[in-house]
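*Asks:* Residue numbers (the UniProt record's numbering): 1 to 255. Every residue, glycine too, gets a C-beta built ideally from N, C-alpha and C.
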(Lines of atoms letter the chains of each structure in order from A and count residues from 1; the text may use other names and numbers.)
(Lines give C-alpha, C1' and ligand atoms only; values in the text may rest on other atoms or scores of the structure.)
Protein backbone atom coordinates (compact mmCIF):
# COMPACT_ATOMS: atom_id res chain seq x y z
CA UNK A 1 0.00 0.00 0.00
CA UNK A 2 1.44 3.37 -0.99
CA UNK A 3 1.53 6.33 1.38
CA UNK A 4 -1.25 8.87 0.96
CA UNK A 5 -0.17 12.06 -0.76
CA UNK A 6 -1.76 15.37 0.19
CA UNK A 7 -3.80 16.86 -2.66
CA UNK A 8 -2.03 19.47 -4.71
CA UNK A 9 -4.12 22.68 -4.92
CA UNK A 10 -5.33 23.45 -8.40
CA UNK A 11 -3.96 26.47 -10.23
CA UNK A 12 -6.44 28.05 -12.57
CA UNK A 13 -6.04 28.58 -16.29
CA UNK A 14 -7.38 30.93 -18.93
CA UNK A 15 -9.70 29.21 -21.42
CA UNK A 16 -8.92 28.77 -25.05
CA UNK A 17 -11.35 30.26 -27.50
CA UNK A 18 -14.35 28.44 -28.90
CA UNK A 19 -17.24 29.75 -30.92
CA UNK A 20 -16.89 32.87 -28.78
CA UNK A 21 -14.64 35.82 -29.60
CA UNK A 22 -11.81 35.26 -27.14
CA UNK A 23 -8.65 33.16 -27.46
CA UNK A 24 -6.67 34.00 -24.36
CA UNK A 25 -4.37 31.26 -23.25
CA UNK A 26 -0.76 31.91 -24.21
CA UNK A 27 0.85 29.11 -26.21
CA UNK A 28 3.98 27.43 -24.94
CA UNK A 29 6.43 25.91 -27.41
CA UNK A 30 6.61 22.14 -27.02
CA UNK A 31 8.90 20.19 -29.32
CA UNK A 32 7.53 16.85 -30.46
CA UNK A 33 10.99 15.35 -30.44
CA UNK A 34 11.53 16.38 -26.83
CA UNK A 35 8.21 14.84 -25.82
CA UNK A 36 9.06 11.60 -27.58
CA UNK A 37 12.45 11.46 -25.87
CA UNK A 38 10.83 12.15 -22.51
CA UNK A 39 8.30 9.39 -23.09
CA UNK A 40 11.06 6.95 -23.90
CA UNK A 41 13.13 7.94 -20.86
CA UNK A 42 10.15 7.46 -18.57
CA UNK A 43 9.23 4.12 -20.09
CA UNK A 44 5.81 5.26 -21.24
CA UNK A 45 3.65 2.89 -23.22
CA UNK A 46 3.61 3.58 -26.94
CA UNK A 47 0.67 5.66 -28.08
CA UNK A 48 -2.08 3.44 -29.50
CA UNK A 49 -3.39 3.86 -33.02
CA UNK A 50 -6.64 5.83 -33.14
CA UNK A 51 -9.27 4.77 -35.68
CA UNK A 52 -11.43 7.86 -35.30
CA UNK A 53 -12.90 10.61 -37.43
CA UNK A 54 -10.30 13.05 -36.07
CA UNK A 55 -7.24 12.86 -33.88
CA UNK A 56 -4.39 15.18 -32.97
CA UNK A 57 -1.18 15.07 -30.94
CA UNK A 58 -0.58 18.80 -31.41
CA UNK A 59 -0.33 20.86 -28.23
CA UNK A 60 -3.21 23.11 -29.30
CA UNK A 61 -5.00 20.68 -31.65
CA UNK A 62 -8.63 21.69 -32.28
CA UNK A 63 -11.64 20.29 -34.11
CA UNK A 64 -15.11 21.78 -34.54
CA UNK A 65 -18.19 19.58 -34.81
CA UNK A 66 -21.89 20.16 -34.24
CA UNK A 67 -21.47 23.58 -32.64
CA UNK A 68 -18.78 22.36 -30.22
CA UNK A 69 -14.99 22.71 -30.35
CA UNK A 70 -12.62 20.04 -29.05
CA UNK A 71 -9.20 21.02 -27.71
CA UNK A 72 -6.14 18.90 -26.95
CA UNK A 73 -5.03 21.77 -24.69
CA UNK A 74 -1.64 20.74 -23.29
CA UNK A 75 -1.12 23.96 -21.34
CA UNK A 76 1.01 23.08 -18.28
CA UNK A 77 4.77 22.82 -17.99
CA UNK A 78 6.57 19.48 -17.87
CA UNK A 79 3.93 17.72 -19.95
CA UNK A 80 4.39 14.40 -21.72
CA UNK A 81 2.79 13.22 -24.98
CA UNK A 82 -0.98 13.36 -25.44
CA UNK A 83 -3.33 12.45 -28.29
CA UNK A 84 -6.98 13.47 -28.50
CA UNK A 85 -9.41 11.63 -30.81
CA UNK A 86 -13.06 12.09 -31.69
CA UNK A 87 -15.88 10.59 -33.69
CA UNK A 88 -18.12 13.52 -32.75
CA UNK A 89 -18.38 16.21 -30.08
CA UNK A 90 -20.25 13.70 -27.92
CA UNK A 91 -17.91 10.73 -28.42
CA UNK A 92 -14.25 11.48 -27.92
CA UNK A 93 -11.30 10.66 -25.72
CA UNK A 94 -7.65 11.17 -24.98
CA UNK A 95 -4.53 9.10 -24.38
CA UNK A 96 -2.11 10.91 -22.07
CA UNK A 97 1.35 9.99 -20.87
CA UNK A 98 2.20 12.80 -18.44
CA UNK A 99 4.96 12.20 -15.87
CA UNK A 100 4.27 11.75 -12.18
CA UNK A 101 5.25 15.30 -11.25
CA UNK A 102 3.35 18.19 -9.72
CA UNK A 103 1.30 20.73 -11.64
CA UNK A 104 -1.57 20.38 -14.09
CA UNK A 105 -0.37 19.34 -17.53
CA UNK A 106 -3.48 19.54 -19.70
CA UNK A 107 -7.22 19.96 -19.98
CA UNK A 108 -8.45 18.15 -23.11
CA UNK A 109 -12.05 19.23 -23.44
CA UNK A 110 -15.17 19.80 -25.50
CA UNK A 111 -16.46 23.39 -25.43
CA UNK A 112 -19.86 24.92 -26.13
CA UNK A 113 -20.23 28.72 -26.28
CA UNK A 114 -23.57 30.09 -25.03
CA UNK A 115 -23.36 33.91 -25.19
CA UNK A 116 -26.50 34.86 -23.22
CA UNK A 117 -27.01 36.69 -19.93
CA UNK A 118 -28.05 34.50 -17.03
CA UNK A 119 -31.33 36.40 -16.70
CA UNK A 120 -32.15 35.59 -20.35
CA UNK A 121 -31.69 31.86 -19.87
CA UNK A 122 -34.51 29.57 -18.80
CA UNK A 123 -32.36 26.42 -18.71
CA UNK A 124 -28.76 25.27 -19.02
CA UNK A 125 -28.14 21.58 -18.50
CA UNK A 126 -25.57 19.00 -19.48
CA UNK A 127 -25.33 15.21 -19.54
CA UNK A 128 -22.16 13.13 -19.55
CA UNK A 129 -20.98 9.53 -19.51
CA UNK A 130 -17.27 8.77 -19.18
CA UNK A 131 -14.83 5.92 -18.67
CA UNK A 132 -11.78 6.99 -16.67
CA UNK A 133 -8.70 5.24 -15.25
CA UNK A 134 -8.29 4.18 -11.63
CA UNK A 135 -4.72 5.48 -11.41
CA UNK A 136 -2.97 8.76 -12.10
CA UNK A 137 -3.92 12.19 -10.79
CA UNK A 138 -6.76 14.05 -12.50
CA UNK A 139 -10.33 15.23 -12.25
CA UNK A 140 -13.20 15.01 -14.69
CA UNK A 141 -14.69 18.48 -14.62
CA UNK A 142 -16.81 21.15 -16.19
CA UNK A 143 -15.02 24.49 -16.52
CA UNK A 144 -17.59 27.24 -17.00
CA UNK A 145 -16.74 30.88 -17.78
CA UNK A 146 -18.53 34.17 -18.17
CA UNK A 147 -17.86 35.89 -21.49
CA UNK A 148 -15.39 38.34 -19.91
CA UNK A 149 -13.45 35.54 -18.17
CA UNK A 150 -13.88 37.26 -14.80
CA UNK A 151 -15.54 34.23 -13.19
CA UNK A 152 -14.61 30.56 -13.45
CA UNK A 153 -16.98 27.89 -12.16
CA UNK A 154 -15.66 24.33 -11.93
CA UNK A 155 -17.84 21.27 -11.36
CA UNK A 156 -15.77 18.22 -10.41
CA UNK A 157 -17.78 15.06 -11.05
CA UNK A 158 -14.95 12.64 -10.24
CA UNK A 159 -11.34 12.83 -9.12
CA UNK A 160 -8.41 10.47 -8.57
CA UNK A 161 -5.02 10.99 -6.97
CA UNK A 162 -3.39 14.04 -5.41
CA UNK A 163 -5.57 16.81 -6.81
CA UNK A 164 -7.48 19.55 -5.02
CA UNK A 165 -9.50 22.69 -5.83
CA UNK A 166 -8.38 26.30 -5.51
CA UNK A 167 -9.65 28.36 -2.56
CA UNK A 168 -11.23 27.70 0.83
CA UNK A 169 -14.21 25.52 1.67
CA UNK A 170 -17.59 27.25 1.89
CA UNK A 171 -19.51 24.20 3.08
CA UNK A 172 -21.75 21.67 1.39
CA UNK A 173 -24.78 22.31 -0.80
CA UNK A 174 -27.17 20.23 -2.90
CA UNK A 175 -27.69 21.91 -6.26
CA UNK A 176 -28.30 20.95 -9.86
CA UNK A 177 -29.10 17.35 -8.97
CA UNK A 178 -25.90 16.67 -6.99
CA UNK A 179 -24.32 17.33 -3.59
CA UNK A 180 -21.11 19.36 -3.63
CA UNK A 181 -18.48 20.82 -1.36
CA UNK A 182 -18.02 24.42 -2.50
CA UNK A 183 -14.67 26.23 -2.65
CA UNK A 184 -14.18 29.95 -3.25
CA UNK A 185 -10.91 31.58 -4.25
CA UNK A 186 -9.00 33.58 -6.83
CA UNK A 187 -6.02 32.92 -9.05
CA UNK A 188 -5.03 36.58 -9.21
CA UNK A 189 -6.79 37.11 -12.54
CA UNK A 190 -10.35 35.90 -11.92
CA UNK A 191 -12.62 34.54 -9.21
CA UNK A 192 -12.83 30.75 -9.02
CA UNK A 193 -15.79 28.82 -7.58
CA UNK A 194 -15.27 25.06 -7.43
CA UNK A 195 -17.98 22.49 -6.74
CA UNK A 196 -16.53 19.09 -5.84
CA UNK A 197 -19.08 16.28 -5.93
CA UNK A 198 -19.46 14.40 -2.63
CA UNK A 199 -18.72 11.09 -4.37
CA UNK A 200 -17.29 10.14 -7.74
CA UNK A 201 -19.65 9.44 -10.61
CA UNK A 202 -19.01 8.49 -14.22
CA UNK A 203 -22.38 9.60 -15.60
CA UNK A 204 -25.22 11.99 -14.90
CA UNK A 205 -27.07 15.18 -15.74
CA UNK A 206 -26.26 18.55 -14.19
CA UNK A 207 -28.60 21.54 -13.97
CA UNK A 208 -25.90 24.13 -14.59
CA UNK A 209 -28.22 27.14 -14.50
CA UNK A 210 -29.35 26.26 -10.95
CA UNK A 211 -25.73 26.39 -9.82
CA UNK A 212 -25.01 29.67 -11.61
CA UNK A 213 -28.15 31.30 -10.19
CA UNK A 214 -27.21 30.12 -6.69
CA UNK A 215 -23.83 31.84 -7.08
CA UNK A 216 -25.51 35.00 -8.40
CA UNK A 217 -28.71 35.24 -6.36
CA UNK A 218 -28.15 33.31 -3.13
CA UNK A 219 -24.47 34.10 -2.52
CA UNK A 220 -24.09 37.35 -4.47
CA UNK A 221 -20.64 36.36 -5.67
CA UNK A 222 -21.26 37.56 -9.23
CA UNK A 223 -23.82 39.63 -11.12
CA UNK A 224 -25.97 39.03 -14.19
CA UNK A 225 -23.05 37.99 -16.35
CA UNK A 226 -23.11 36.65 -19.88
CA UNK A 227 -22.49 32.91 -19.93
CA UNK A 228 -19.57 32.16 -22.22
CA UNK A 229 -17.78 28.81 -22.56
CA UNK A 230 -19.16 25.63 -21.04
CA UNK A 231 -16.27 23.18 -21.16
CA UNK A 232 -16.12 19.52 -20.16
CA UNK A 233 -13.03 17.37 -19.99
CA UNK A 234 -10.16 15.91 -18.01
CA UNK A 235 -7.74 18.09 -16.07
CA UNK A 236 -4.69 15.85 -15.90
CA UNK A 237 -1.79 16.26 -13.47
CA UNK A 238 -0.14 12.87 -14.04
CA UNK A 239 -0.81 9.77 -16.12
CA UNK A 240 2.52 7.96 -16.03
CA UNK A 241 2.76 4.95 -18.32
CA UNK A 242 -0.04 6.22 -20.53
CA UNK A 243 -3.73 6.32 -19.56
CA UNK A 244 -6.96 6.46 -21.56
CA UNK A 245 -9.90 8.78 -20.83
CA UNK A 246 -13.09 8.25 -22.84
CA UNK A 247 -16.18 10.41 -23.21
CA UNK A 248 -18.91 7.97 -24.22
CA UNK A 249 -21.55 10.70 -24.49
CA UNK A 250 -21.79 14.41 -23.72
CA UNK A 251 -24.07 17.32 -24.54
CA UNK A 252 -24.97 20.83 -23.38
CA UNK A 253 -28.43 22.34 -23.76
CA UNK A 254 -29.06 26.07 -23.21
CA UNK A 255 -32.11 28.18 -23.96
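(1) Where does residue 212 sit, in a helix, a strand or coil, going by DSSP?
(2) Taking the alpha carbon of residue 138 as the reference point, which residue from 228, 203, 157 has its own alpha carbon closest?
(3) For the candidate residues 59, 111, 92, 106, whose alpha-carbon lies nearest to that of residue 239?
(4) Would you kindly report the start and end of the unbroken beta strand (DSSP E) that includes residue 143?
(5) Which whole-angstrom value describes the C-beta separation of residue 71 and residue 108, a residue pair presumed to lie in contact below a C-beta threshold of 8 Å?
(6) What is the residue span of the beta strand (DSSP E) that residue 221 lies within?
(7) Do the region 121-137 and the region 159-167 meet, that is, are 3 or more Cβ pairs less than 8 Å apart?
(8) Work out the CA separation of residue 171 and residue 87 for me, nearest whole Å.
(9) Does the region 81-99 come within contact of the region 119-126, defined as at least 3 CB pairs closer than 8 Å?
(10) Enumerate, from N- to C-terminal direction, the unbroken beta strand (DSSP E) stretches of 3 or more residues contained entirely within the region 57-84.
(11) Quick one: Cα of residue 219 to Cα of residue 127, how far?
(12) So the candidates are 53, 255, 236, 228; which of them puts its Cα closest to the Cα of residue 145?
(13) Which value, in whole angstroms, describes the spacing of the CA atoms of residue 96 and residue 185?
(14) Can you tell which of 204, 207, 214 has the C-alpha that lies nearest to the C-alpha of residue 182?
(15) Locate the beta strand (DSSP E) running through residue 125, then write down its first and last residues.
(16) So, residue 150 versus residue 232, is the Cβ gap smaller than 8 Å?
(17) With DSSP as the reference, please indicate the residues paired to residue 104 in a beta bridge.
*Replies:* Quick look at the numbers:
(1) helix
(2) 157
(3) 106
(4) 137-146
(5) 7 Å
(6) No beta strand (DSSP E) holds residue 221; DSSP gives it neither H nor E.
(7) yes
(8) 39 Å
(9) no
(10) 62-65, 68-71
(11) 25 Å
(12) 228
(13) 29 Å
(14) 214
(15) 124-131
(16) no
(17) In the DSSP output, where bridge partners are listed per residue, residue 104 has none listed.
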